[in-house]
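To keep things clear, I will list the structure first and then write my remarks on it.
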Amino acid sequence: GAAAGMRTILVLTGVATRADLARATVAPTWVADDYAAVRRRLLADG
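Listed below in structure tokens is the structure:
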């Protein structure tokens, strides 16, 4: 993803948490609480 210049998104669906994100060595472009938030983000970016 990011290494190839792509934008990335982490969806917090129950496996990963914001605490996991704080410890990660690579951060996503966006973090979404659910798939509805992903949809809103994608539609906003056109």
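Heads up: the sequence shown runs through residues 139 to 184, numbered per this note's numbering. Heads up, the beta-carbon is just placed ideally off N, CA and C, and yes, glycines get one too.
Where residue i falls: helix, strand or coil (DSSP)
i           : result
residue 169 : strand
residue 159 : helix
residue 150 : coil
residue 145 : coil
Other residues of its chain near residue i: CB distance less than 8 Å, five sequence neighbours each side excluded
i           : result
residue 167 : 140, 145, 146 and 147
residue 179 : 147, 168 and 170
Beta-carbon spacing of residue i, residue j below 7 Å
i           : j           : result
residue 149 : residue 176 : yes
Neighbourhood of residue i by C-beta, 6 Å cutoff - its chain only, sequence neighbours within 5 removed
i           : result
residue 169 : 148
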